[in-house]
Amino acid sequence: MAPIDSAKTQEPSGTSFYTMQVSPQSFSENAAVSGKVVLPITHDKQQYWLMTSEQKGLLLTDKNGVTLAQYPGNFEVLDRRADIDIANKKWDLLATVDNESGAALLIGLDWKNQAFKLLTTITHPSSIEALCLQTLPHQPGSTLNVAVILADDQGKLTQRIMVDGQQKSLSNVLLREFVGVPQVKDCAVDDASQSLYLAEENIGIWRYAAEPEAELVRELVAVSGVHGRLKGEVTSVDTLADGRLLVATPEQHGVWYIDPRQVNEAQLIALKGTLGVESVHGLSTKQGLLVGLFDDETGVYQQAVLPITEAIQDPVSPRFNAVLPTVQTEAVATSGDAADDPAIWHNAQAPDQSRILGTNKKRGLNVYSLKGELLQSLAVGRVNNVDVRHGFTLAGKTFDIAAASNRSKRSISLFAIEPHTGEVSYLQDVATDLNDVYGLCMAHVNNQYYVFINDTDGHFEQYQLEGKGSQIKGTLVRQFQVASQPEGCVVDDEYAQLYFGEEAKGIWQVDATVSKALPRLIAPLNDDFVADVEGMGIYHLDQKRYLVASSQGNNSYGVFALDDRNRYLGSFTIDMNLPANIDGVSETDGLEISSLSFGDAFPNGLMVAQDGRNVIPSLNQNFKLVDATQIAQLIRHWL
1 MAPIDSAKTQ EPSGTSFYTM QVSPQSFSEN AAVSGKVVLP ITHDKQQYWL MTSEQKGLLL
61 TDKNGVTLAQ YPGNFEVLDR RADIDIANKK WDLLATVDNE SGAALLIGLD WKNQAFKLLT
121 TITHPSSIEA LCLQTLPHQP GSTLNVAVIL ADDQGKLTQR IMVDGQQKSL SNVLLREFVG
181 VPQVKDCAVD DASQSLYLAE ENIGIWRYAA EPEAELVREL VAVSGVHGRL KGEVTSVDTL
241 ADGRLLVATP EQHGVWYIDP RQVNEAQLIA LKGTLGVESV HGLSTKQGLL VGLFDDETGV
301 YQQAVLPITE AIQDPVSPRF NAVLPTVQTE AVATSGDAAD DPAIWHNAQA PDQSRILGTN
361 KKRGLNVYSL KGELLQSLAV GRVNNVDVRH GFTLAGKTFD IAAASNRSKR SISLFAIEPH
421 TGEVSYLQDV ATDLNDVYGL CMAHVNNQYY VFINDTDGHF EQYQLEGKGS QIKGTLVRQF
481 QVASQPEGCV VDDEYAQLYF GEEAKGIWQV DATVSKALPR LIAPLNDDFV ADVEGMGIYH
541 LDQKRYLVAS SQGNNSYGVF ALDDRNRYLG SFTIDMNLPA NIDGVSETDG LEISSLSFGD
601 AFPNGLMVAQ DGRNVIPSLN QNFKLVDATQ IAQLIRHWL
């Protein structure tokens, strides 16, 4: 980041910052309205201000501060998102807190009539100290979802969807609640990077990932006190169009211009004549960076133009196409990383009565209906992966069979599935020679049933299953190895091919019969299909085969054309379905996909994916069901 001028100061920690001096100017009207936030905004190429006031409420003024519209009340905090489509009408969406009731308000600014309108009220059990708006990535063709993030005096953050971009309507859906900071003063979201910034009074500026499905980690990007460049209280943070931050530290009689991507440098801009700037908000203009300031010592709003030119970031846009889940299963009974891998059992006589088998790797095997209802829970141990095949015969009885990798016993757990009802019952275990069993898949090749099971160290074993009297005999018929940890796998029975993922390298293919063939890498990782490679399944469409595999590192799913030299076609995500109150899918371990019909809800097949972060609201992990019609449409589009 280039310096604004040549005045350079060295701080004790060894890092440097540059200072300049700017003289703010007061507004001709509404300068002293006992507020806190003044936002510079534009509309139709004209510049305006939005102001909060404890006496006058919410004000829209012209560039000189002359009132154009007023909403009565007692307000201090404020955030805005422009051009939000609600019921086919464009609004500027404003979020504030009513200091009298303690409730958060969403207020619409109607530019056609230059008037404010209360859209909805959000009650909260604790005192709201700060709030900020966020626009979320969305499906192509739909408007943005808008969320509000509330930071309260208990150190808790609450994230709610308030505008449903798909329905173009107001909403109020709790996404998640998570730990913030104890002395929060302000918050802001950079929509382009989906970063949430919190100002903690005596600590500095924290950055969180703002996406609802993101991992809950935080990073300190600007530090106050003896170890940092910021001195005294940190009272305000604002995100600029280029991703940089404006930060207020009243004791330093100025504002900071910080690039959070280059934390070793920052610029302190001294504001001549100010006594304690408590809030700052900026807008890029042709003349420079226009900022609105509130001096808490004088109680006056001021403005200044900083000689800073910003490079505007691109608007929020999804990286991948998205599909939507239509059903979700009940959450697993245990917390933490528990749900892992699904399998689909197809009921040919009654497709809508098919079953989802899902592993709870802390407890056992669950069985769900296609409506997501938990029907059975078999406490057989820490089963990790599961797969299903039809038509196994034992002691003269034919049933469908499931196998699961059991980490408690280092074994293969076998289950019978009653062909007419889908009732699942435990049969027995087959011991393995592996030390830490992990991934598993089944095969029915040349009238033989096989189980492939792997170890976290890269070893694979292939077992042949045969009925011997009243027991199933598992015979080790083959072994091979890859260099690092594998997990998910799937067998194409018709072509007798095993596909498996090596988490940090890509997708491999090898003969699924009992042979000495060695695996070959057919789909290495790329910029879009990234580690860890986890679950996978094969989807059939127009007489062609497509491998779908989870790309855990970016919460997406890669699609490969197996009949076209395994060509990578593209990736998709599973986004939130707000009308159905179902969140998106992230950090997927296992998945399964089938092109068979499962009734009216899934006429062209079904994909089931494990959801590593189950929000709306935050619950234990579960599985999401997707109508494969959406995936078929994507594949045809890519082709």
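Going letter by letter, the sequence shown gives residues 1 to 639 in UniProt numbering. Positions of the beta carbon are idealized from the N, C-alpha and C atoms, including for glycine.
Beta-carbon spacing of residue i, residue j below 7 Å
i	j	result
H444	R389	yes
L109	F116	yes
I161	A151	no
S597	P603	yes
residue 645	A222	Residue 645 lies beyond the range of the chain shown here (1 to 639); nothing can be said about it.
L290	L283	yes
F499	Q485	The sequence shown places Tyr at residue 499, not Phe. No, they are not a contact pair.
L465	N385	no
K409	D436	no
L60	A69	yes
V280	A248	yes
Residue of the options minimising C-alpha distance to residue i
i	options	result
residue 664	E487, Q471 and K473	Since the first residue of the chain shown is 1 and the last is 639, residue 664 is not available in this structure.
Q267	A350, D575 and L245	L245
Q497	I522, S551 and G474	I522
Q166	L562, I84, F623 and Y463	I84
residue 643	D532, S556 and Q633	Coverage of the chain is limited to positions 1 through 639, which leaves residue 643 absent and any answer about it impossible.
R565	R520, V608 and M607	R520
A192	K185, D242, D164 and G180	D242
D528	L476, A248 and A549	A549
T298	E278, A304, K286 and V305	E278
W49	H43, D62, Q462 and G57	D62
K361	D337, L374 and F415	D337
D387	E423, W345 and P419	W345
D455	G469, G467 and T432	T432
P325	D627, L639, M20 and I635	D627
D92	V179, T334, V33 and D44	D44
F294	R218, N202, M51 and L175	M51
E330	V173, T309, T359 and V280	T359
Euclidean distance between Cα positions of residue i and residue j
i	j	result
Q621	A504	24 Å
T67	N30	8 Å
P212	V367	28 Å
L170	D400	47 Å
A350	L547	27 Å
H637	E200	47 Å
G391	G584	35 Å
L625	D511	30 Å
C132	R80	8 Å
E322	E215	Reading off the sequence shown, one finds Ala at residue 322, where the question assumed Glu. The straight-line gap from Cα to Cα measures roughly 20 Å.
G14	L230	No answer about G14 holds up, because its pLDDT of 38 lies below 50 and its placement is not dependable.
N446	Y495	10 Å
G155	N581	26 Å
S405	G535	14 Å
L518	E265	53 Å
D164	N88	12 Å
V217	A210	10 Å
I631	F75	47 Å
E54	S224	29 Å
M1	I574	Its pLDDT being 34, under 50, M1 is placed unreliably in this model, and the value from its coordinates should be taken loosely. When rounded, the distance between both Cα atoms is 37 Å.
8 Å contact criterion, which residue i and residue j should meet: CB distance rounded
i	j	result
I472	L427	7 Å
G506	L525	5 Å
A403	I412	5 Å
V327	L370	7 Å
T588	G467	No, T588 and G467 are not in contact; Cβ-Cβ is about 35 Å, not under 8 Å.
A339	F572	At roughly 21 Å, the Cβ-Cβ gap does not stay under 8 Å, so A339 and F572 are not in contact.
I128	G102	7 Å
K272	Q21	5 Å
Extent of the continuous alpha helix (DSSP H) to which residue i belongs
i	result
Q194	Q194 -> no alpha helix (DSSP H), and no H or E assigned at all.
L634	T629 to W638
Unbroken beta strand (DSSP E) run spanning residue i, endpoints
i	result
H208	Note that residue 208 is Tyr in the sequence shown, not His. Unbroken beta strand (DSSP E) run through Y208: G204 to A209.
T235	Careful: T235 lies outside any beta strand (DSSP E) and carries neither H nor E.
A95	K89 to D98
E215	Premise fails: E215 is in no beta strand (DSSP E) and is neither H nor E.
G467	H459 to K468
D492	P486 to D492
H281	V277 to T285
T393	V383 to L394
F560	S556 to A561
T120	A115 to I122
P603	That residue, P603, is in no beta strand (DSSP E); it is neither H nor E in DSSP.
P40	V38 to H43
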